[in-house]
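Asker: In our numbering, the protein residues as written are 1181 to 1335. Yeah, the Cβ is synthetic: ideal placement off N, Cα and C, and Gly gets one too. Okay, handing you the structure first.
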Amino acid sequence: MPVSRITAFLPCDAEAVWAVVTDLSDTGWRSDLLATETLPDGRFVERARGGVATVFTVTACEPCRRWAFDLENRNLTGRWTGLFEPEKGGVRLTFTERVTLRRRWLAPLAVLYLRWQQRTYLEDLRRRLTETGVLAQPQEENRPACARRPAARGR
1181 MPVSRITAFL PCDAEAVWAV VTDLSDTGWR SDLLATETLP DGRFVERARG GVATVFTVTA
1241 CEPCRRWAFD LENRNLTGRW TGLFEPEKGG VRLTFTERVT LRRRWLAPLA VLYLRWQQRT
1301 YLEDLRRRLT ETGVLAQPQE ENRPACARRP AARGR
């Protein structure tokens, strides 16, 4: 059973992050999705850019603390858990995804794909929080030297 876990600290309010992550009516910020549909029975479906539709059933919803669901598509079944842990100055996110593959030949790629998907999700989330003003853009002088843009050189 492939498992992928990613953790990140965001210097912003846990409630604001929770609001973005759990708002199924506004998922346009996610670069991996074409659409999200909420079903009458409370489940929801994400349609990925690659064409795969994944059905999610919420199994836990503790506002600003924990959101979890079972997931299923033509390639896999599994469980996703998101932990939102308020800390001084922000919130620590831990997203864990465990899957069972329907096709064994996918196993070598599964963990790599899950890690890529989780990194993409966090990058998209950071971008959305920055666009909405929840997460401030880092000032150049506050960035580590290795992450700063090179100074423009005169000609």
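Measuring straight from C-alpha to C-alpha, what distance separates T1280 and V1235?
Answerer: To locate residue 1280, count along the sequence shown from 1; it is residue 100. To locate residue 1235, count along the sequence shown from 1; it is residue 55. Their backbone Cα atoms lie some 15 angstroms apart in a straight line.
Asker: Count the CB pairs spanning the stretch 1225-1232 and the stretch 1206-1216 that are closer than 8 angstroms, and state whether there are at least three.
Answerer: Output reads yes: the stretch 1206-1216 touches the stretch 1225-1232.
Asker: Specify the secondary structure class of A1240 as computed by DSSP and reduced to three states.
Answerer: Within the sequence shown, residue 1240 is the residue found at index 60, counting from 1. Strand.
Asker: Tell me where the beta strand (DSSP E) around T1216 begins and ends.
Answerer: Position 36 of the sequence shown, counted from the first residue, corresponds to residue 1216. 1213-1218 is the extent of the beta strand (DSSP E) around T1216.
Asker: Using 8 angstroms for Cβ pairs, my map puts V1197 next to F1249. What's the rounded Cβ distance?
Answerer: Residue mapping note: residue 1197 aligns to position 17 of the sequence shown, counting from 1. Residue mapping note: residue 1249 aligns to position 69 of the sequence shown, counting from 1. About 17 angstroms separates the two Cβ atoms, so there is no contact after all.
Asker: Going by beta carbon distance, what residues of the same chain come within less than 7 angstroms of V1238, once the five residues before and after it are set aside?
Answerer: Within the sequence shown, the letter at position 58 stands for residue 1238. These residues qualify, in order along the chain: G1222, F1249.
Asker: If you reduce the DSSP assignment to three classes, tell me which class P1266 lands in.
Answerer: As a first step, residue 1266 is located in the sequence shown; it is residue number 86 there, counting from the start. Note: P1266 maps to strand in three-state DSSP.
Asker: So, helix, strand or coil for D1250, using DSSP?
Answerer: For this step, residue 1250 is matched to residue 70 along the sequence shown. In this structure, D1250 counts as strand in the three-state DSSP scheme.
Asker: Please check the pair R1185 and T1257, which I expect to be a contact at CB under 8 angstroms, by giving their CB distance rounded to whole angstroms.
Answerer: Here residue 1185 is taken as the residue at index 5 of the sequence shown, counted from 1. Here residue 1257 is taken as the residue at index 77 of the sequence shown, counted from 1. Rounded to whole angstroms, the Cβ separation of R1185 and T1257 is 18 angstroms, and the two are not in contact under 8 angstroms.
Asker: Pick out whichever of E1242, L1292, P1266, P1288 has its Cα sitting closest to the Cα of A1194.
Answerer: In the sequence shown, the residue the question calls residue 1194 occupies position 14. It is P1266 whose Cα lies nearest to the Cα of A1194.
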